[in-house]
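One structure is given here, and the rest of the page talks about it.
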Amino acid sequence: MESAEIARRFLRFFEERGHKVVPSASLIAEDPTLLLVPAGMVPFKPYFLGQRKPPAARLASVQKCVRTPDIEEVGKTTRHATFFQMLGNFSFGDYFKEQAIPFAWELLTRSESDGGFAFPEEKLWVTVYLDDDEAIDIWHNKVGVPMERIQRRGLEDNYWHMGVPGPGGPCSEIYYDRGPEYGRDGGPVADEDRYLEVWNNVFMQYQLSAVRSKVDFDVAGELPAKNIDTGMGLERMATILQGVDNLYEIDTTYKILDSAAELTKTRYGRDPRADVSLRVIADHVRTGTMLVADGVMPGNEGRGYVLRRILRRSIRNLRLLGSGDERYMHELTEVTINAMGETYPELKVDAPQIHAVIDAEEASFLGTLRTGTAIFDVAVEETKRKSGTTLSGDQAFKLHDTYGFPIDLTLEMASEQGLKVDEEGFRRLMKEQREMAKADAAAKKTGNADISVFGQLLENAGKVEFLGYDQTSAESSVVGILVDGASVPVAGAGATVEIVLGRTPFYAEGGGQLADHGLLRTSGAEVDVLDVQSPIKGLVVHRGRVRVGEIRVGDEVQAEVDVERRKAISRSHSATHLVHRGFKNALGETAAQAGSENSPGRFRFDFTAAGAVPPSVLRDVEDEVNAVLINDLKVNAFYTSQAEARAMGALAMFGEKYGDEVRVVEIGDYSRELCGGTHVHSSGQLGLVKVLGEQSVGAGVRRVEALVGIDAFRFLARESLLVAQVTEQLKVRREELPERIEGIVTRLRTAEKDLEKLRSAQVLQIAGELAAQAHDLHGVSVVTHRAPDGTGPDDLRKLALDVRGRFPGDRPAVVVLAGVPSDRPVVVAAVNEAGRERGLKAGRLVGVAAKALGGGGGGKDDVAQGGGTRPEAIDEALRMVAETIAGQLA
Ligand code: SER
């Protein structure tokens with residue numbers, strides 16, 4: 000049974016039993032205590048806690064999940080995966096154990112023709128929490144499971160919570176017996192490889208306050224109602240129902256694994272080490288693709304770091320399979336998009352952007368690896384020169400810290416060179432660095448508050464209201480102050496602070512728009528706002544410095560945005576929308592936004608395109624956009640439903656597909672885009688948009704930079720002045736400039752070539768003189784000569800050959816010339832056939848000379864060239880050559 004069919008059956012079964020089916024939420028958790036969604040119930044946490052009313056008392060979903068705590072185990076075992084999908088049915092104060100248990104049993108054991116999964120009853124085992132006699136009663140007396148297949152287990156196995164404060168409760172799990180070939184008899188308590196957990200029924204009835212570990216937590220009390228949260232792993236079910244060994248072999252994953260094997264010319268199932276890599280790649284490329292599709296961008300913190308780590312581990316494992324500098328991520332991502340696209344059609348729609356992000360990360364990591372490899376080679380050479388056998392911890396640390404070289408890569412490459420690595424030293428330096436970073440963050444005083452502090456602030460203060468669409472100044476109150484990441488009641492002059500207001504006109508950096516700057520004024524203090532961020536959804540943090548006085552929690556405050564900066568940023572943001580539309584009009588719908596930055600007077604816009612955008616297209620887009628300015632279209636922002644916005648053709652970044660209500664910004668009828676940013680009132684306010692040019696920022700992604708308003712005007716004015724100066728100097732009219740400059744350049748090139756020819760002729764002229772000056776040494780004609788400074792290596796070589804050719808064929812001859820073309824000496828030797836028969840070798844003679852010159856070189860017996868670093872030693876070098884010849888002939 001295909002994965003997609005398993006999901007369909009599950010949802011249909013529960014829909015028929017009164018459940019409302021809801022789509023998967025984004026992998027980006029809304030919950031401030033979590034980075035990513037690790038379980039199907041996460042989006043419903045507020046319903047369990049009674050904080051929000053669910054859309055229905057019974058829900059069912061297939062939720063995308065990512066779990067990374069066991070990332071190192073992925074691939075080494077076949078049980079771990081970072082991405083999976085959880086099928087779940089949920090009851091909020093509706094049915095409880097007595098119905099949830101039979102539901103699960105019925106769906107698992109029902110025949111396939113009746114919409115079930117047709118598990119033979121005798122193959123199913125169940126576990127319950129230690130003292131949950133109620134559940135045992137239901138399993139045994141209502142469902143009919145014999146007592147010998149019901150087992151009691153403790154907190155570790157049969158109690159479920161989120162790992163953070165929230166709902167929790169005892170659970171009851173259903174296991175499938177894969178048979179004696181997979182392990183020992185005795186049920187799940189004896190062997191969890193043989194008995195696979197397929198379904199977890201959590202009886203959510205408690206609220207946990209502190210959670211220290213899986214088994215160590217405080218129960219604050221009962222939840223407002225008794226709830227059901229169940230989770231059935233889709234990949235686990237597919238493993239069983241598709242009769243394969245593990246989750247890497249099911250329909251959705253094996254395609255990725257196969258394609259990785261094919262690309263790297265390996266075969267799955269041959270070499271255990273290669274198999275680990277193939278599994279890591281299959282798992283990680285899938286996780287990476289799903290994360291990018293939900294709008295996560297690779298970065299060095301939080302979710303961005305999780306994604307970066309996952310993508311880099313994939314690339315790293317491709318290299319372990321011998322991919323070298325080949326780039327395979329694009330193809331693997333494509334296979335993933337096709338494999339997952341049936342369930343998640345948006346993957347196909349957003350494919351160009353997903354590729355752009357992953358390709359760019361691959362390019363950057365391969366670049367990192369290349370630079371690092373060069374540094375690694377130097378370290379190896381150094382170690383070997385000193386006859387060492389171990390790369391120092393220092394070297395490994397530098398590779399890691401400066402070049403982003405993972406330690407396992409260093410270990411492996413060192414072992415290829417027969418070297419060990421001082422891992423202990425490396426780890427010690429890592430630890431020191433971590434401690435320093437901590438101390439540093441504490442000293443830096445900004446931006447270092449850990450996310451839980453923000454979560455607490457949000458809980459205390461509630462969602463911050465943003466007033467900035469209509470106002471640039473407002474009265475508000477201080478609801479929180481952070482200094483060094485910790486909440487404080489008051490901060491004095493000079494302190495670097497993070498301030499949370501109840502409501503604010505300040506725009507927090509987001510959606511490519513830079514943060515507002517400005518001032519907070521209370522009756523006793525003034526705070527310069529230099530940055531505004533939203534570290535978690537719903538919270539706005541103003542970062543800055545107390546200029547004078549003391550600011551306190553509870554103070555009334557006047558918040559004043561720097562209006563000029565805001566206006567200039569808004570102009571850039573509106574211009575970005577126009578340019579986005581312009582490129583789509585010019586290049587087609589695949590030219591999709593991949594990023595942007597709107598700063599005062601200037602913006603950059605990244606978009607997907609197959610290759611460089613021709614200058615003519617840039618000009619056309621610029622033209623079209625400026626025409627929109629002149630037409631002075633009204634800018635209008637409004638809220639509507641996700642579906643409505645899509646139907647209107649509003650452009651959206653990927654990841655922007657969740658949430659019922661969205662904000663749309665339209666500029667006349669020309670552009671319509673989902674956007675939370677601030678904008679001008681009409682397009683005429685932009686004045687002028689000047690596109691500066693475009694460049695590549697990774698495979699498939701182009702970047703244009705542009706100026707807006709007075710900055711665009713000033714740029715053009717400067718260019719105009721420059722042209723005026725050049726025309727003045729060349730004494731031509733403007734339109735004649737290109738032709739005139741081309742003429743000058745052509746003439747210059749011709750003159751340079753003529754000069755070159757002349758010099759060569761001059762050099763060759765002296766060939767005859769040199770041949771005539773040859774002296775005889777034991778019957779061999781010998782010429783050693785220092786050419787005039789400035790004679791190039793090619794001319795030197797030509798001259799040597801010419802001189803050599805002037806001796807009759809049966810006359811042994813050797814010619815050695817040296818010179819200094821620019822600052823380093825060069826030596827050329829040429830020996831004719833008769834000379835070689837006398838045992839003279841050009842390569843050897845050059846070797847002698849080059850050594851004297853402080854360098855090296857060599858070559859064939861007939862002609863050779865070398866050089867050095869000491870021009871002052873030329874005469875000495877020629878003398879030594881002469882001596883060598885004499886010695887050899889004697
Ligand atoms: N929340 C439980 C789990 O993740 C059941 O859905 O296993």
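So the sequence shown is residues 0 to 889, counted in numbering that gives the first Met the number 0. Note that CB positions come from ideal geometry on N, CA and C, so glycine has one too.
Closest in C-alpha terms to Tyr181, from the list Glu172, Glu221, Asp244, Tyr128, comes Asp244. Under the criterion of beta carbons closer than 8 Å, Phe89 and Phe43 qualify as touching, at roughly 6 Å. Ligand 1 has no heavy atom closer than 7 Å to the beta-carbon of Gly162. A distance below 8 Å between beta-carbons, with the five flanking residues on each side excluded, links His680 to the following residues of its chain, in chain order: Lys633, Val634. Here His680 carries a coil assignment [DSSP, helix/strand/coil]. Segment contact: the segment 702-716 against the segment 361-374, fewer than three CB-CB distances shorter than 8 Å; contact not assigned. DSSP assignment within the segment 680-750 yields the following whole beta strand (DSSP E) runs of 3 residues or more, N-terminal first: 688-695, 700-707. Under DSSP, the beta-bridge partners assigned to Leu481 are Ser486, Glu497. Within the segment 252-326, the complete alpha helix (DSSP H) runs of at least 4 residues fall at 271-292, 301-319. Taking Val478 as the centre and dropping the five residues before and after it, the same chain places the C-beta of Ala460, Val499, Gly501 closer than 6 Å to its C-beta, in chain order. Pairing Ala591 with Ala103, the inter-Cα distance amounts to about 44 Å. Straight-line spacing of the CA atoms in Lys397 and Gln864 works out to 39 Å. By the criterion of at least three beta-carbon pairs nearer than 8 Å, the segment 16-31 is in contact with the segment 47-67. When C-alpha distances from Arg544 are compared across Arg837, Leu518, Ala507, the shortest belongs to Leu518.
Listed in chain order, the beta strand (DSSP E) runs fully inside the segment 151-213 are 158-160, 165-176, 194-210, counting runs of at least 3 residues. Relative to ligand 1, the beta carbon of Asp156 is positioned no closer than 7 Å to any heavy atom.
Judged by their CB atoms, Pro351 and Thr607 are nearer to each other than the 8 Å cut-off. Separation of Ser322 and Arg272 (C-alpha to C-alpha, rounded to the nearest whole angstrom) is 15 Å. Collapsing the DSSP output to three states places Ile27 in a strand.
When the Cα atoms are used, Ala485 and Val452 turn out to be separated by approximately 7 Å.
Leaving aside the five residues that flank Asp631 on each side, the residues in its chain whose CB is nearer than 7 Å to its CB run, in chain order, Ser681, Ser682, Gly683. Relative to Asp228, the option among Phe95, Asp515, Val578, Thr238 whose CA is nearest is Phe95. Residue pairing for Ile149: DSSP places it in a beta bridge opposite Val125. In this model, Val379 and Ile70 are separated by some 30 Å (Cα to Cα). In the structure shown, the three-state DSSP call for Leu35 is strand. Residue nearest to Gly789 within the set Gly834, Glu836, Arg823 is Arg823 (criterion: CA-CA distance). Between Val819 and Ala828 a beta carbon distance of about 17 Å is seen, past the 8 Å cut, so the two are scored as non-contacting.
In this structure, the C-beta of Val334 stays at least 7 Å away from each heavy atom of ligand 1. The C-beta distance from Thr332 to Thr288 rounds to 5 Å, short enough to meet the 8 Å contact threshold.
For Arg810, there is no enclosing alpha helix (DSSP H), as DSSP marks it with neither H nor E.
Looking at Thr126, Val65, Pro166, the one whose alpha-carbon comes closest to that of Gln50 is Pro166. If you check the CB distance, Arg805 and Ala833 do not come in under 8 Å. Closest in C-alpha terms to Glu121, from the list Gly143, Asp131, Asp113, comes Gly143. The Cβ-Cβ distance between Leu650 and Val661 does not fall below 8 Å. DSSP, read as helix, strand or coil, puts Leu466 in coil. Taking a cut-off of 8 Å for Cβ pairs, the segment 687-707 and the segment 607-627 touch, as three or more such pairs fall below it.
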